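So the mapping is simple: the working numbering equals the position in the sequence shown, first residue as 1, plus 14.
Ideal Cβ placement from N, Cα and C applies to all residues, glycine included.
In this text the structure is predicted, and so the values were computed from the model without any measurement.
Read through the structure below, which is laid out as structure tokens, and then see the notes.
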Amino acid sequence: MQDLNTLIELLTKGRNIHISILDIDGILSTELTSIPLRKTFHSKPFCDVAKSTEAGLKRCLSCKRRANKKAVNGRTAFAGHCSFGIYEAATPVIRQGTVCAVVYVGNYVTDPRRSRELISRSARLTGVDEELLLSHLGECEHTPDIDEAFKIGEIVSDYILRLI
């Protein structure tokens, strides 16, 4: 069986999506489940710019904490915009009744107008360069249909459960 990193590489090849995994129970510590550090958090250029000021980083981390809490407590997949306007789907990985990880599939722009509004608002509040954020929107995956992100999240979640 192929390792988790290979699956993620195949799913993202030639695409602008980003798959990251929050490891809650240490499940990414085996040879088959180990992934590079950049796949455990948002590491695309847009997100790097969003986190380029202390206030931007705090805003991003606050949004991620809320998403993590919702995934663990709700125990069901969901999606939404981050505070900087990027759309992302979250899929909890549930083993023996407990959420052991969360798969995030993101870097999507589903509504460019809404993304620009959120970018403008967050840039004003955080001091992040709005024009630089807007310039990186073209490097995101543009689609009005987020169903694909849910399907990818489910595939990765199912694969993790087979590996652990």
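Start and end of the alpha helix (DSSP H) containing Asn87?
Translated into the one-based positions of the sequence shown, residue 87 becomes position 73. From DSSP, the alpha helix (DSSP H) with Asn87 extends over Glu68 to Gly88.
Considering just the uninterrupted stretch of the beta strand (DSSP E) at Arg138, what are its terminal residues?
In the sequence shown, the residue the question calls residue 138 occupies position 124. Counting along the chain, no beta strand (DSSP E) covers Arg138; the unbroken alpha helix (DSSP H) around it starts and ends at Pro126 to Thr140.
Counting Cβ pairs closer than 8 Å, one from the region 132–144 and one from the region 165–176, do we hit at least three?
Contact between the region 132–144 and the region 165–176 is absent: fewer than three C-beta pairs spanning the two stretches fall below 8 Å.
How would you label His32, buried or exposed, when you count the other beta carbons within 10 angstroms and need 16 or more for buried?
Counting from one through the sequence shown, the residue named residue 32 turns up at place 18. His32 should be labelled buried.
Assumed close pair Val163, Val123 - CB separation to whole angstroms, cut-off 8 Å:
Numbered from 1 along the sequence shown, position 149 holds the residue referred to as residue 163. Numbered from 1 along the sequence shown, position 109 holds the residue referred to as residue 123. First, the amino acid is wrong: residue 163 is Ala here, not Val. In fact, because the Cβ distance is near 12 Å, the residues do not count as touching under 8 Å.
Where Val116 and Phe92 are concerned, what is the direct C-alpha to C-alpha distance, given to the nearest angstrom?
Within the sequence shown, residue 116 is the residue found at index 102, counting from 1. Within the sequence shown, residue 92 is the residue found at index 78, counting from 1. Computed Cα separation, rounded: 11 Å.
Report yes if the CB atom of His56 is closer than 9 Å to the CB atom of Lys78, and no otherwise.
Locating residue 56 in the sequence shown gives position 42, where the first residue counts as 1. Locating residue 78 in the sequence shown gives position 64, where the first residue counts as 1. In this structure, Lys78 lies closer than 9 Å to His56 by Cβ.
Below 9 Å between beta carbons: does that hold for Pro59 and Glu153?
As a working mapping, residue 59 is identified with position 45 in the sequence shown. As a working mapping, residue 153 is identified with position 139 in the sequence shown. Cβ distance < 9 Å, so Pro59 and Glu153 count as in contact.
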